[in-house]
Amino acid sequence: MAPSFVVVPQWQGSVSPRAMRLSDGAEAIRGDLPSSATVEVPVPVEAGDAQDTGIDRFSSLVMVRERLTRALRDCVTPVLTIGGECGVSLAAVGHASARHPGGLAVVWLDAHPDLHTPESSPSAAFGGMVLRAIAGEGVDGLVLGADERVPFDRIVIAGARDIDPAEAELIGAAGIRSLSIEELETPDGILAAVRATGATAFYLHLDLDVLDPSVLTGLSNLLPFGLSVETLGRTITALRAEFELAGATIAGFAPASPEAANDDLPSILRIIGALTR
Numbered sequence: 004m005a006p007s008f009v010v011v012p013q014w015q016g017s018v019s020p021r022a023m024r025l026s027d028g029a030e031a032i033r034g035d036l037p038s039s040a041t042v043e044v045p046v047p048v049e050a051g052d053a054q055d056t057g058i059d060r061f062s063s064l065v066m067v068r069e070r071l072t073r074a075l076r077d078c079v080t081p082v083l084t085i086g087g088e089c090g091v092s093l094a095a096v097g098h099a100s101a102r103h104p105g106g107l108a109v110v111w112l113d114a115h116p117d118l119h120t121p122e123s124s125p126s127a128a129f130g131g132m133v134l135r136a137i138a139g140e141g142v143d144g145l146v147l148g149a150d151e152r153v154p155f156d157r158i159v160i161a162g163a164r165d166i167d168p169a170e171a172e173l174i175g176a177a178g179i180r181s182l183s184i185e186e187l188e189t190p191d192g193i194l195a196a197v198r199a200t201g202a203t204a205f206y207l208h209l210d211l212d213v214l215d216p217s218v219l220t221g222l223s224n225l226l227p228f229g230l231s232v233e234t235l236g237r238t239i240t241a242l243r244a245e246f247e248l249a250g251a252t253i254a255g256f257a258p259a260s261p262e263a264a265n266d267d268l269p270s271i272l273r274i275i276g277a278l279t280r
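Using the working numbering, read the sequence shown as starting at 4 and increasing by one per residue.
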């Protein structure tokens, strides 16, 4: 039976001092998923080498991408991919896009737009490049090909509030639809943005740092003025009511301890419920 949940405790795409906590966060979420419907993609112990790509830990990231691609190969129903860091969305979006050729939008709910290339990135972290790679711009091995890429006009960024100048320039030049936290208070704006892409299905990438730290403490990036769990739930429900959910990612859970993870898991499980029920 094909899995409904794929857990990928990948941390290598982050250069945060809390990067290893992302692996712990994925494992903590896995503990509350049905074991019969869940598979885990093994992540190498080693950090990996850049191999002159400008992407830190490139070799390990390519290895995990290949393993996740194999895990998703036979899945014909939407899969919820649990990271780890945001880089896991590359293979997951590629799988969904191949199943919805020309008809998939990507909704990127994240405090960061993740639109860098190795040339523009101040950190060399692939987690900050993954949406650009989904659009087909990046380094061989960590970029979607012609049959999978999702062009900028079918990407909707929502909730980003830490945007580097190079990313802001691209958003403007490419006409990427971007909604602020305030514009997410009701679902009207995001529904209109997805309609404007012409897509019939959507892939939802959710980095939990789009939420306000007051409602979820286990975040690798603590950025104020984020979404509430209730607003996020309304957004997901409204999108699913109008468009087909082709798949989703939850990434960015970095609890400080098992006890801290237990404090946050009820909110995360509410989000998983909105995506799966």
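Built from N, CA and C at the ideal position, the CB exists for glycine as well.
Quick caveat: nothing in here was measured; it's all calculated off a predicted structure.
- Check the Cα spacing between Leu194 and each of Leu209, Val213, Phe246, Phe228: the tightest is with Phe246.
- Annotated three-state conformation of Val197 is helix, per DSSP.
- With respect to the 8 Å criterion, Ala114 and Val213 are classified as neighbours on the basis of their beta carbons.
- If only complete runs of 4 or more residues are kept, the stretch 92 to 173 shows the alpha helix (DSSP H) at 92 to 102, 133 to 137, in order along the chain.
- The distance from the Cβ of Ala99 to that of Ala249 is about 4 Å, consistent with a contact at the 8 Å cut-off.
- Taking a C-beta distance under 8 Å as the contact criterion, Ala138 and Val153 qualify as a contact pair.
- In terms of CA proximity to Leu134, Leu93 leads the group Ala241, Gly255, Leu93.
- Within the DSSP secondary-structure output, Asp210 pairs in a beta bridge with Ala254.
- Restricting attention to Ala136, Gly192, Ala176, Val142, the CA atom closest to the CA of Gly162 is found in Gly192.
- Where Leu219 is concerned, there is no enclosing alpha helix (DSSP H), because DSSP gives it neither an H nor an E.
- Within the same chain, Thr120, Met132, Arg135 come within 7 Å of Gly141 by CB-CB distance, once the 5 residues on both sides are set aside.
- Between the C-alpha atoms of Leu272 and Val42 there is a straight-line separation of about 18 Å.
- Annotation: the continuous beta strand (DSSP E) that includes Gly86 extends over 83 to 86.
- For Leu182, the uninterrupted beta strand (DSSP E) segment begins and ends at 180 to 182.
- For Thr72, the CB contacts under 6 Å within the same chain, skipping 5 residues up- and downstream, are Ala94 in chain order.
- Beta-bridge partners assigned by DSSP to Ala204: Leu107, Glu247.
- As computed with DSSP, Leu230 is found in a beta bridge with Leu214.
- If you draw a straight line from the Cα of Glu88 to the Cα of Glu170, it is about 19 Å long.
- Taking the Cα positions, Pro104 is about 12 Å away from Arg157.
- Straight through space, the alpha carbons of Glu122 and Ser26 are spaced by roughly 27 Å.
- At a Cβ-Cβ threshold of 8 Å, Leu145 and Arg76 do not count as neighbours.
- Residue pairing by DSSP places Thr56 opposite no residue, since no beta bridge is assigned to it.
- Checking the DSSP bridge columns, you'll see Val9 partnered with Val42, Thr84.
- Between the stretch 19 to 34 and the stretch 230 to 246 there are fewer than three C-beta pairs closer than 8 Å, too few to call the two in contact.
- Restricting attention to Leu83, Gly130, Leu222, the CA atom closest to the CA of Thr252 is found in Leu83.
- By the Cβ neighbour-count rule, Gln13 is buried, with 16 or more other Cβ atoms within 10 Å of its own.
- Scanning Val18, Met66, Gly148, Asp52 for the CA closest to the CA of Pro45 turns up Met66.
- Glu69 carries a helical assignment under DSSP once its states are collapsed to helix, strand and coil.
- Shown here, Cys78 sits in coil according to DSSP, grouped into three states, outside any helix or strand.
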